[in-house]
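Undergrad: Residue numbers (my numbering): 18 to 503.
Sharing a structure here in structure tokens format.
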Ligand code: GLN
């Protein structure tokens, strides 16, 4: 059975549809593995045993009555604990939401449930998605399945670890500055951050609303295309959702990349990157050339300002979004004699240090005397970065860069130095600032046998080209077939 748990959705789904495997059997096998292995990995915050088996049974019943169901029917998923799930505790890995049971499902969850997906439970993350290592979770530190002394990346580190360790068939994460791609890279899986507005944000806890996007985290590229088919699309409940047609993402699988122009921005390579990361990327670029693509050097001259602009804009938006967690409406409330004392005590005890740091930073940059100097300036930098991409995309179809400057680092290595931690996202943040689609796929291992990720960046709404290039690369390599031994 463990072999089946390693298989991607597109293979397992066939077995379920042909009734060679029931969803209940599959779900039970995942639940057993979670019980056995997750004590080591620490990827789940909540496991919904009965609910999952009930959902699986419902799919099996429908299939035995002859209903024709889609590729996600009966497939066990482990969504990040930032998605609202009706009746299932949803904490965003924060003490302040301990005990919060959402009364409704987020749009993406609703869509996946409609397809017959099974929810195994909710997986760990950095508190309110702030972090790059999942060490900022209030509840548990998730470990990297490739080396249990190392971080799985973040903030969707529960997702990347669970997928890599075969503790779910796939996960869905969120990405504000890299939180899908960087953990995907560190755990050797596939992660896609769609174009801003492509996937509904409704019913997903907001961190920085102008940057947040939801996306799939999967074992391979085909699974990513399948999940995207059911996640993407306009939602009247999200005012920033784009009302544009959604292609069939699986139609990009197996397409040739002959003649495709792949841009290589020099700012993303070189001495700031771990040597093996640079080296693997060079080998990957050669492979893409062999597959018929043309490599073009491009320039994104303002890349170095991305991180600074992000750490003004994201905290500013977070300080506003997180004001709602005041002890009145959701989850945890501290005992106090007066209302203002209750607010103070709830927030003091409810938020962790990184979240407090961001709220203070955000409040500061938005304050009357500093708004122009920091917030407005950062917004201008954001436009400059977007224009860099616009210019560069006149010369290429897709860009290729490392996803993260290093492979997985040791637990505790960066947790006392926020700036070092923030640097984990230098390659991914500009993509969020520009609202573009970005994807990470496995492209090698370093000397310590830790996975290396390759980032693909696309034009607005062109997730299709990313899937096309990623799939062509995946078909020509076997990095995605390697599994950690646990
Ligand atoms: N690591 C970045 C941060 O801490 C990005 C997080 C994210 O994408 N949610 O803000």
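Where is the CB? At the ideal position from N, CA and C, for every residue including glycine.
With residue 187 and residue 51 assumed to form a contact (beta carbons below 8 Å), what rounded beta-carbon distance in angstroms separates them?
TA: Counting from one through the chain shown, the residue named residue 187 turns up at place 170. Counting from one through the chain shown, the residue named residue 51 turns up at place 34. Not a contact, Cβ separation roughly 15 Å.
Undergrad: Below 8 Å between beta carbons: does that hold for residue 97 and residue 497?
TA: Position 80 of the chain shown, counting from 1, holds the residue named residue 97. Position 480 of the chain shown, counting from 1, holds the residue named residue 497. Taking 8 Å as the Cβ cut-off, residue 97 and residue 497 do not qualify as a contacting pair.
Undergrad: Using C-beta distances below 6 Å, list every residue in its chain close to residue 499, excluding the 5 sequence neighbours before and after it, in chain order.
TA: For this step, residue 499 is matched to residue 482 along the chain shown. For residue 499, where only same-chain residues beyond five positions count, there are no Cβ hits under 6 Å.
Undergrad: Does the Cβ of residue 76 have 16 or more other Cβ atoms within 10 Å, making it buried, or fewer, making it exposed?
TA: Taking the chain shown and counting its residues from 1, one reaches residue 76 at position 59. Result: buried.
Undergrad: Say yes only if the C-beta of residue 349 is nearer than 7 Å to one or more non-hydrogen atoms of the ligand GLN, and no if none qualify.
TA: Your numbering for residue 349 matches position 332 in the chain shown. No, the Cβ of residue 349 stays beyond 7 Å of every heavy atom of the ligand GLN.
Undergrad: For residue 284, which residues of its own chain have a beta-carbon under 6 Å away from its beta-carbon, when the five flanking residues on both sides are left out?
TA: Counting from 1 along the chain shown, the entry for residue 284 is found at position 267. The residues are 317, 320.
Undergrad: Would you report the Cα separation of residue 23 and residue 398, rounded to the nearest angstrom?
TA: The residue you call residue 23 lines up with position 6 of the chain shown. The residue you call residue 398 lines up with position 381 of the chain shown. Each residue's Cα considered, the two are about 43 Å apart.
Undergrad: Quickly, what does DSSP pair residue 323 with across the bridge? List them, please.
TA: For this step, residue 323 is matched to residue 306 along the chain shown. Its beta-bridge partners do not exist; DSSP assigns none.
Undergrad: Any chance you could list the beta strand (DSSP E) runs of at least 3 consecutive residues sitting entirely within the segment 309-379, in chain order?
TA: Within the segment 309-379, the complete beta strand (DSSP E) runs of at least 3 residues are 311-315.
Undergrad: Less than 7 Å separating the Cβ of residue 423 from some heavy atom of the ligand GLN?
TA: Walking along the chain shown from the start, residue 423 turns up at place 406. Residue 423 Cβ: outside cutoff for every heavy atom of the ligand GLN.
Undergrad: Quickly, what does DSSP pair residue 468 with across the bridge? List them, please.
TA: Taking the chain shown and counting its residues from 1, one reaches residue 468 at position 451. Residue 468 pairs with 462.
Undergrad: Leaving aside the five residues before and after residue 33 along the sequence, list all residues of the same chain whose C-beta is less than 8 Å from its C-beta, in chain order.
TA: Residue mapping note: residue 33 aligns to position 16 of the chain shown, counting from 1. Within the same chain, residue 33 has close Cβ partners 39, 40, 43, 76, 80, 90, 91, 92.
Undergrad: Just to confirm, is the Cβ distance from residue 68 to residue 136 under 8 Å?
TA: Your numbering for residue 68 matches position 51 in the chain shown. Your numbering for residue 136 matches position 119 in the chain shown. Closer than 8 Å, so yes.
Undergrad: Are there three or more Cβ pairs, one per stretch, closer than 8 Å when the segment 174-187 is compared with the segment 220-230?
TA: Segments in contact, no.
Undergrad: Let me check one thing: in DSSP terms, what residues is residue 139 bridge-paired to?
TA: Along the chain shown, one-based indexing puts residue 139 at 122. The partner list for residue 139 (beta bridge, DSSP) reads 63.
Undergrad: Which same chain residues, not among the five before or five after residue 128, have their C-beta less than 6 Å away from its C-beta?
TA: Here residue 128 refers to the residue found at position 111 of the chain shown. So the list reads 247, once near-sequence residues are dropped.
Undergrad: Please identify the residue among 274, 315, 337 whose C-alpha is closest to the C-alpha of residue 307.
TA: Reading the chain shown from its first residue, position 290 is the one you call residue 307. The candidate whose alpha carbon is nearest that of residue 307 is 274.
Undergrad: Residue 124 lies in the alpha helix (DSSP H); which residues open and close that run?
TA: In the chain shown, counting from the first residue as 1, residue 124 sits at position 107. Its alpha helix (DSSP H) spans residues 124-131.
Undergrad: Going by DSSP, name the residue or residues bridged to residue 210.
TA: Taking the chain shown and counting its residues from 1, the one referred to as residue 210 is at position 193. Answer is 455.
Undergrad: So, with DSSP's three-state summary, where would you put residue 427?
TA: In the chain shown, residue 427 corresponds to position 410, counting from 1. In the structure shown, residue 427 sits in a strand (DSSP, three-state: E or B).
Undergrad: If we count the other Cβ atoms within 10 Å of its Cβ and call it buried at 16 or more, is residue 73 buried or exposed?
TA: On the chain shown, position 56 is the one that residue 73 refers to. That one is buried.
Undergrad: Leaving out five residues on either side along the sequence, give the residues of the same chain with a beta carbon under 7 Å from the beta carbon of residue 464.
TA: In the chain shown, counting from the first residue as 1, residue 464 sits at position 447. Once the five neighbours on either side are set aside, the close Cβ partners of residue 464 are 293.
Undergrad: Pick out whichever of 78, 45, 167, 288 has its Cα sitting closest to the Cα of residue 466.
TA: Residue mapping note: residue 466 aligns to position 449 of the chain shown, counting from 1. It is 167 whose Cα lies nearest to the Cα of residue 466.
Undergrad: So what's residue 161 in DSSP terms, helix, strand or just coil?
TA: Locating residue 161 in the chain shown gives position 144, counting from the first residue. Residue 161: strand per DSSP, three-state reduction.
Undergrad: Which residue marks the beginning of the beta strand (DSSP E) containing residue 189, and which one marks its end?
TA: Numbered from its first residue, the chain shown carries residue 189 at position 172. Run containing residue 189: 188-192, per the beta strand (DSSP E) assignment.
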